[in-house]
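In the numbering used here, each number is its position in the sequence shown, counted from 1, plus 13.
Below you'll find the structure, written out as structure tokens, and then a few comments.
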Amino acid sequence: MARTKTLSSAKAAAPLAVARPAVHEEPHGFEFGGPIGASLISFGLPLVAYAFAFLCNDVTGCPVPSLTRPGALFANGWGSGIQTLKAETGWPGWTGLISLEAAAGTIAWYALSLVLYKVLPAKEVEGIELKSGGRLTYRLNSFLTALTILIVAAAGTIVQGVDFPLWPFINKNYIGLLTSNILIAYGLATYVYIHSFSVRTPNAAKRELAAGGHSGNLIYDWFIGRELNPRVTIPLIGEVDIKAFMELRPGMLGWLLLDLAFAAKQYKNYGYISDSMLIVLFSQGLYILDSVYNEPAILTTIDITTDGFGFMLSFGDLVWVPFTYSLQTRYLSVHPVSLGPLWVLTILGIQGFGYYVFRASNSEKNAFRTDPNGESVQHLKFIETASGSRLLTSGWWGTARHINYLGDWLMSWAYCLPTLAAGYKLTPSIMYPGTRLVTTEGMAGFAVPVTYFYMLYFAILLVHREARDEEKCRRKYGKDWERYCEVVRWRIWPGVY
Numbered sequence: 014m015a016r017t018k019t020l021s022s023a024k025a026a027a028p029l030a031v032a033r034p035a036v037h038e039e040p041h042g043f044e045f046g047g048p049i050g051a052s053l054i055s056f057g058l059p060l061v062a063y064a065f066a067f068l069c070n071d072v073t074g075c076p077v078p079s080l081t082r083p084g085a086l087f088a089n090g091w092g093s094g095i096q097t098l099k100a101e102t103g104w105p106g107w108t109g110l111i112s113l114e115a116a117a118g119t120i121a122w123y124a125l126s127l128v129l130y131k132v133l134p135a136k137e138v139e140g141i142e143l144k145s146g147g148r149l150t151y152r153l154n155s156f157l158t159a160l161t162i163l164i165v166a167a168a169g170t171i172v173q174g175v176d177f178p179l180w181p182f183i184n185k186n187y188i189g190l191l192t193s194n195i196l197i198a199y200g201l202a203t204y205v206y207i208h209s210f211s212v213r214t215p216n217a218a219k220r221e222l223a224a225g226g227h228s229g230n231l232i233y234d235w236f237i238g239r240e241l242n243p244r245v246t247i248p249l250i251g252e253v254d255i256k257a258f259m260e261l262r263p264g265m266l267g268w269l270l271l272d273l274a275f276a277a278k279q280y281k282n283y284g285y286i287s288d289s290m291l292i293v294l295f296s297q298g299l300y301i302l303d304s305v306y307n308e309p310a311i312l313t314t315i316d317i318t319t320d321g322f323g324f325m326l327s328f329g330d331l332v333w334v335p336f337t338y339s340l341q342t343r344y345l346s347v348h349p350v351s352l353g354p355l356w357v358l359t360i361l362g363i364q365g366f367g368y369y370v371f372r373a374s375n376s377e378k379n380a381f382r383t384d385p386n387g388e389s390v391q392h393l394k395f396i397e398t399a400s401g402s403r404l405l406t407s408g409w410w411g412t413a414r415h416i417n418y419l420g421d422w423l424m425s426w427a428y429c430l431p432t433l434a435a436g437y438k439l440t441p442s443i444m445y446p447g448t449r450l451v452t453t454e455g456m457a458g459f460a461v462p463v464t465y466f467y468m469l470y471f472a473i474l475l476v477h478r479e480a481r482d483e484e485k486c487r488r489k490y491g492k493d494w495e496r497y498c499e500v501v502r503w504r505i506w507p508g509v510y
């Protein structure tokens, strides 16, 4: 399951002079519906990813025309309906879900990510203090990696145009790339689960089990992640923190390349890039580059500090983020919606306001954590807890306990609104044999569940994530948290929720 990249920079503190004895935090209750929910998510979400890929396509339309009249689809029996769907989705057969070319390209992408991680200059940053004492050191150079990849892609596109081999490769092998990453997600989750049983306490490598990941139930622990920060040593590369590496590199940067490939496809098909495509590229590109630029901030997120690394994060990072977050650009590559100045200004305004809330609130939190007496934050009010932590009760964080989530969600609107009342179908052209016409006749609105899925999903994700944060803080701060909630009443959206 994909995780939101709610980021705020954080300066690492100096390591403790004396390490405490290694301990594991006591396990707590099930989340995500326990073993049953974990099973449904683990084997259901890959099917959802395939459904988006096949039911919104460049063969017959988005959604496929027969889904606009489901009653008629199966009027002649299930067998007939399934055959119709196979024809309309361009079903390649089970063996067509993956190819040697797609698998090789996927492996090359991961290998390139590792090589750039190793050879490019990097910052060595310490994470937060572990439960067992001490801190892990992280090698961070995602932003430089992104710039390197984008410069190479831009140079190739300048020389060869939209026929630069990377772009047609992605569009041709989309389904195979999806399958390859699904298999890697399953394999990686299984590897770290098995490897977690070698954790011993105390240990010099500072390995720990995640509090919520050693329940004793195999499927749940495999899903949620048993080990907190699994690491692996790769020949010629060195030690790699699997969770931190997967958080931003193959999936997040892969999302950006998918977007650019779909933009290249639109240009090849129509000879121009639509204003709707440009807005989505700008919005998502800003989000991605902001995330990798502020890479040290992931070290204070729940993904790194609390959650183990299992299928939830491996699938979310490597499959869910790149392949479902790029649905809008994939849609626009076939149907180039024209927005006009009013829609463009409206969407950019929402995007700008969301980004302002997101970045300003996180920057305020980071400044306070770094130096509570700093000029920009010394006026802020707070509650000091029994554990010594300070909970802000004024400024951005006095308006809502997770005000940054509101900005994050508002930015997601700019991904979806450019598709307007989504829906199109492809019909053979009479005037130009061998070509197809894209039309919205009888289809407008039917693809809204596809192109606006991100907005709805992200809202649910943020509410669920906020509830997990609340429970964690309630356990950590006890009555101090209850006192804090009486002062800061709203959770995410002041006056609403």
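Backbone N, C-alpha and C define an ideal beta-carbon position, used for all residues, glycine too.
Just so you know, these numbers come straight off a predicted model, no measurement behind them.
Have a look at the options and flag the residue whose alpha-carbon is nearest the alpha-carbon of residue i.
i	options	result
Tyr199	Trp333, Ile396 and Met468	Trp333
Phe236	Leu129, Gln364 and Phe56	Phe56
Val500	Phe395, Val509, Gly455 and Ala457	Phe395
Ser209	Thr319, Arg244 and Ile54	Arg244
Ile360	Ser374, Asp320 and Leu423	Leu423
Cys69	Asp421, Thr342, Gly447 and Asp384	Thr342
Val350	Leu326, Leu291, Met325 and Ser407	Leu291
Ser287	Gly146, Val347, Phe156 and Ala121	Val347
Gly47	Glu114, Trp409, Asp421 and His227	His227
Gly189	Leu113, Leu270 and Gly238	Leu113
Tyr130	Ala88, Ile250 and Ala64	Ile250
His392	Leu405, Thr398 and Leu163	Leu405
Leu143	Tyr465, Thr452 and Ile317	Ile317
Considering only their Cβ atoms, is the gap separating residue j from residue i smaller than 8 Å?
i	j	result
Leu133	Thr158	yes
Leu345	Ser296	no
Tyr206	Asp234	yes
Leu241	Leu222	yes
Ala413	Arg487	no
Phe328	Leu60	no
Val293	Tyr428	yes
Asp330	Met259	yes
Ser211	Thr119	no
Arg148	Ile141	yes
Phe471	Ser425	yes
Pro263	Tyr490	no
I'd like to know whether the C-beta of residue i is nearer than 8 Å to at least one C-beta of chain D.
i	result
Leu86	Of the protein chains in the structure, only one exists, and it is not chain D.
Would you give the residue range spanned by the alpha helix (DSSP H) that residue i belongs to?
i	result
Tyr437	Per DSSP, Tyr437 belongs to no alpha helix (DSSP H); it is in the beta strand (DSSP E), Tyr437 to Pro441.
Arg372	Pro354 to Thr383
Glu495	Lys492 to Val500
Thr406	Note, Thr406: premise wrong, no alpha helix (DSSP H); not H, not E.
Does residue i pass the burial test, meaning 16 or more other C-beta atoms within 10 Å, or should it be called exposed?
i	result
Ile195	buried
Gln364	buried
Gly339	Looking at the sequence provided, one finds Ser at residue 339 rather than Gly. Classification of Ser339: buried, given that the 10 Å Cβ count is 16 or more.
Glu308	buried
Thr13	Any property of residue 13 remains undetermined from this structure, which presents the chain solely from 14 to 510.
Ala355	The question names Ala, but residue 355 is Leu in the sequence shown. With fewer than 16 other Cβ atoms within 10 Å, it is exposed.
Asp320	buried
Ala66	buried
Trp494	buried
Ala217	exposed
Lys219	buried
Tyr510	exposed
Ile95	exposed
Pro335	buried
Tyr10	Nothing can be reported for residue 10, as the shown portion of the chain is limited to 14 through 510.
Gly420	buried
Arg33	Low confidence applies to Arg33: its pLDDT is 34, below 50, so where it sits in the model is not reliable, and the reading given next is rough at best. Classification for Arg33: exposed.
Val172	exposed
Met265	buried
Which two residues bound the contiguous beta strand (DSSP E) that contains residue i?
i	result
Val253	Gly251 to Asp254
Lys136	Lys136 to Glu139
Thr452	Arg449 to Thr452
Glu397	Phe395 to Glu397
Leu80	First-last for Leu80: undefined, no H or E at that position.
Would you say the stretch 355-369 touches the stretch 65-83, given that touching needs at least three Cβ pairs under 8 Å? no
Three or more C-beta pairs under 8 Å: does that hold for the stretch 170-188 against the stretch 258-274? yes
Would you call the stretch 422-438 and the stretch 376-391 in contact, with 3 or more CB pairs under 8 Å? no
Check whether the stretch 369-379 and the stretch 400-414 touch, using three or more Cβ-Cβ pairs below 8 Å as the test. yes
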